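K.L.:
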């Protein structure tokens, strides 16, 4: 499943993460992949600022390798997933 204009995204959820232990708050981010170059970026939004109004932050992740089929290789995508924050609770959608 490749986005035809090269702006591929994988939505990441952290269903077990609870903001201050509050039920149903969870956490999420987005993994962006350029399907031509494999350039990979990860962004998440949350109340990371002291005013608790929210801001976007990024985490450094390795780039994926695009296979001959035009899709990220399983090995390179797994490497990215293992480096995401809160990895043990990560679910890709």
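In the numbering used here, the protein residues as written are 30 to 122. Where a beta carbon is used, it is the ideal one built from N, C-alpha and C, also for glycine. Remember, predicted model here, so these are calculated numbers, not experimental data.
#1: Straight-line CA distance for residue 67 to residue 73?
#2: Which first and last residues belong to the beta strand (DSSP E) in which residue 73 is found?
#3: Considering only residues of the same chain and omitting the five flanking positions on each side of residue 91, which have a CB-CB separation below 8 Å?
#4: Within the continuous beta strand (DSSP E) that includes residue 42, where are the two ends?
#5: Can you find a C-beta in chain D that's less than 8 Å from the C-beta of residue 68?
#6: DSSP state of residue 109, grouped into three classes?
#7: Whole angstroms are fine: how far does the CA of residue 60 sit from the CA of residue 89?
#8: In the DSSP assignment, the beta strand (DSSP E) including residue 58 goes from what residue to what residue?
P.N.:
Looking at the atomic coordinates:
#1: 20 Å
#2: 69–75
#3: 69, 105, 108, 109, 112
#4: 37–42
#5: Reference to chain D is not applicable here, since this structure consists of a single protein chain.
#6: helix
#7: 11 Å
#8: First-last of the beta strand (DSSP E) with residue 58: 57–62.
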